[in-house]
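Residue numbers (mature numbering (1 follows the signal peptide of the UniProt record, and there is no 0)): -17 to -1, 1 to 705.
Given below as structure tokens:
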């Protein structure tokens, strides 16, 4: 028998036109009076048995009288509690009635019948009390739970299927962490069932914990299958992969970077951050801003008086001028930062002005040498100095797209040296970071090896020059990064050895401090004993020339800041050594100033000494403040820049803040003494002295008794007891 599509459509329309008994049987709870019983023919299904409505009454506190119900439980008043004995409830006796309190239900709805919407997100946030409806309810036009207002539905008991209903429950807004259930979810069979559902022969959804156990507050446990137990046991016996163990045992880099110890070390390495902490401790209201005071004597002031122009070096300088500036460089800079071959530079100058040598990278080197020579020979910057720096910058940045060479790396290193002495911290840090990457790209950070398949430079570079280039570049990158509280550029595969010592050169003294500098990296964890050992070693070293002495002093000051950040107090021999190195550092800064060699530590070291002396806060440390302030004042007089004047004013402000703090403490002590003054003691007469003289026989007796035989004493005092 064939049924046409039109016949099916007609049948569907007929079903739709049928009267909807469940709609007709709806009872609006919102309009119900308190203690109003439901009709006798209304049956509620709780999942296990049908309960006549006549035996209980709905009681909704806070919902009636036009108020929105927002409580998380409702009450069922039962006249016969035995019919509710299987429900998980708490019984409270009141008058002649027993109240059964149903706690807040699950934040989700249990499995639903096919075609029935089970989204428990309520836009109007209304409370819904619904029994599970039969499967035909969706066809009959009953809206989904989202649209169901607070009501009780009266249905014909004959339409109920015990396997198609869930217990009477409350639905509450869905938690954002719980995924939304599909509206077309079909019937599911769980492969696992918990022990409680197995014992009660109840359907289990297989969740952990399952919905039934959560609803009825049972302990939900699952029995592990034998094969699963075996696999679990075997997995526990197998050793974990080394990488996995290391990943679990080692803290993540993000956690380490934000740990208190890491931030503490980062701030202590930075002189500017230490100054800020010190000022906040002395006077939080008047503390100076976070700034790299006295980082050098100029802080970019040398390039503010002239707009630089990039030109060929032969247009900027004559051969004689270049040779003069080169001589200044090799007299004042090369003994400390010795990474150039003087004979090679002489040949380059000769060939460049003769016209048979033209290499842009070599021009950048010559511009850097000439600019540093200008800075170390003249207090006020000549216009040609700025043009030399601009020309070198233009060449180096233009050559960055080419394969790096030893000449380009040398030009970048000279630029970093100049910026550290005369530039701003950020510009110098950026240039030093580029320099480290250029070193790695040129292959100058490791000893040549034939065993690797990695590409290596074919350029022949002297081994000693290679080591000195890398050592000076790493030294500058470390301390520029420390001063700014930023990350340094670490070349993990560097294998270079320390430069060798040579006559008239003190670069090795500076480079021998590198291991102690790298140990101060905030990513490395050092305890107090290790820092104290490093400080003792650095303080006991002997450095020969003022720039090298100031580098030693700067490292010692950083170690002191690290120890002070860990609440370490200096005393005894260590304090004497610290005060000795600060005194030597002040003398070295004055010597550099007298030589008109504006090394970056010329203003930085005296200023940092003042900060550390104020932090130590002892009589001996305060006594050195005058010499440090005098040196800083002399620097500001000779190099009269905004940087030096601001550093001097900030140092005076710190001392003033310390003075006011001590005066406040002294005033407090004075107020206490005014309330409790010192009482004059009466003069002693000679009688107590005479009495003390008369008591000397007792002291002599005690001394004699020290060698007395106590057995004889017992025999003498207690003869009857022997």
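Think of the CB as a built atom: it goes at the ideal place given N, C-alpha and C, for glycine as much as any other residue.
Everything numeric in this text was worked out from a predicted model, so none of it was measured.
{"Asked": "So what's residue 491 in DSSP terms, helix, strand or just coil?", "Found": "helix"}
{"Asked": "Drop a sphere of 10 angstroms on the beta-carbon of residue 552, count the other beta-carbons inside from all chains shown, and report buried for 16 or more, exposed for fewer.", "Found": "exposed"}
{"Asked": "Tell me where the alpha helix (DSSP H) around residue 590 begins and ends.", "Found": "584 to 599"}
{"Asked": "Name the two residues that bound the continuous alpha helix (DSSP H) containing residue 295.", "Found": "First-last for residue 295: undefined, no H or E at that position."}
{"Asked": "Going by C-alpha distance, which of 448, 382, 407 is nearest residue 485?", "Found": "448"}
{"Asked": "Compute the Euclidean distance between the alpha carbons of residue 663 and residue 267, then round it to the nearest angstrom.", "Found": "41 Å"}
{"Asked": "Per DSSP, what kind of secondary structure is residue 536 in: helix, strand or coil?", "Found": "helix"}
{"Asked": "Would you kindly check if the distance between the Cβ of residue 590 and the Cβ of residue 634 is under 8 Å?", "Found": "yes"}
{"Asked": "Would the beta-carbon of residue 379 fall within 8 Å of that of residue 394?", "Found": "yes"}
{"Asked": "Are three or more beta carbon pairs between the stretch 473 to 492 and the stretch 524 to 535 nearer than 8 Å?", "Found": "yes"}
{"Asked": "With a threshold of 16 other CB atoms inside 10 Å of the CB of residue 338, please say whether the residue is buried or exposed.", "Found": "exposed"}
{"Asked": "Which one of 513, 567, 515, 647 has the shortest CA to CA distance from residue 527?", "Found": "567"}
{"Asked": "How would you label residue 389, buried or exposed, when you count the other beta carbons within 10 angstroms and need 16 or more for buried?", "Found": "buried"}
{"Asked": "Where does the unbroken alpha helix (DSSP H) through residue 470 begin, and where does it stop?", "Found": "It is not in any alpha helix (DSSP H) - residue 470 carries neither H nor E in the DSSP assignment."}
{"Asked": "Would you kindly check if the distance between the Cβ of residue 540 and the Cβ of residue 607 is under 8 Å?", "Found": "no"}
{"Asked": "CB residue 322 to CB residue 451, shorter than 8 Å?", "Found": "yes"}
{"Asked": "Taking the alpha helix (DSSP H) that residue 387 belongs to, which residues open and close that run?", "Found": "Per DSSP, residue 387 belongs to no alpha helix (DSSP H) and is neither H nor E."}
{"Asked": "Between residue 270 and residue 257, what straight-line distance do the alpha-carbon atoms span, to the nearest angstrom?", "Found": "12 Å"}
{"Asked": "Check whether the stretch 496 to 509 touches the stretch 280 to 298, counting contact only when three or more Cβ pairs, one atom from each stretch, lie closer than 8 Å.", "Found": "no"}
{"Asked": "Write down the C-beta distance between residue 377 and residue 422 rounded to the nearest angstrom, noting that I regard them as a contact closer than 8 Å.", "Found": "No, residue 377 and residue 422 are not in contact; Cβ-Cβ is about 21 Å, not under 8 Å."}
{"Asked": "Find the nearest neighbour of residue 564 within the set 628, 522, 193, judged by alpha-carbon distance.", "Found": "522"}
{"Asked": "Do the stretch 290 to 309 and the stretch 469 to 477 touch if we need at least three Cβ pairs shorter than 8 Å?", "Found": "no"}
{"Asked": "Pick helix, strand or coil for residue 331, following the three-state DSSP scheme.", "Found": "helix"}
{"Asked": "What residue range does the alpha helix (DSSP H) around residue 664 cover?", "Found": "Careful: residue 664 lies outside any alpha helix (DSSP H) and carries neither H nor E."}
{"Asked": "Using a Cβ-Cβ distance under 8 Å, would residue 510 count as near chain B?", "Found": "Chain labels in this structure do not include chain B; a single protein chain is all it has."}
{"Asked": "Measure how close the beta-carbons of residue 592 and residue 611 come, nearest whole angstrom, since I'm counting them as under 8 Å.", "Found": "5 Å"}
{"Asked": "What number of angstroms, rounded off, separates the C-alpha of residue 497 from the C-alpha of residue 458?", "Found": "7 Å"}
{"Asked": "Quick one, which of 424, 603, 443, 446 has its alpha-carbon nearest residue 437's?", "Found": "424"}
{"Asked": "Looking at the structure shown, is residue 278 part of a helix, part of a strand, or coil, going by DSSP?", "Found": "coil"}
{"Asked": "Rounded to whole angstroms, what is the Cα-Cα separation between residue 296 and residue 349?", "Found": "8 Å"}
{"Asked": "With a 10 Å radius around its C-beta and 16 neighbouring C-beta atoms as the bar for buried, classify residue 509 as buried or exposed.", "Found": "buried"}
{"Asked": "Can you look up residue 185 in the DSSP assignment and give me helix, strand or coil?", "Found": "coil"}
{"Asked": "Taking the alpha-carbon positions, what's the residue 524 to residue 584 distance?", "Found": "19 Å"}
{"Asked": "For residue 469, I'd like the list of residues in its chain whose CB is within less than 7 Å of its CB, leaving aside the five on either flank, ordered along the chain.", "Found": "412"}
{"Asked": "For the alpha helix (DSSP H) holding residue 408, just list the boundary residues, first then last.", "Found": "408 to 425"}
{"Asked": "Taking only the alpha-carbon atoms, compute the straight-line gap between residue 368 and residue 312 and give it to the nearest angstrom.", "Found": "13 Å"}
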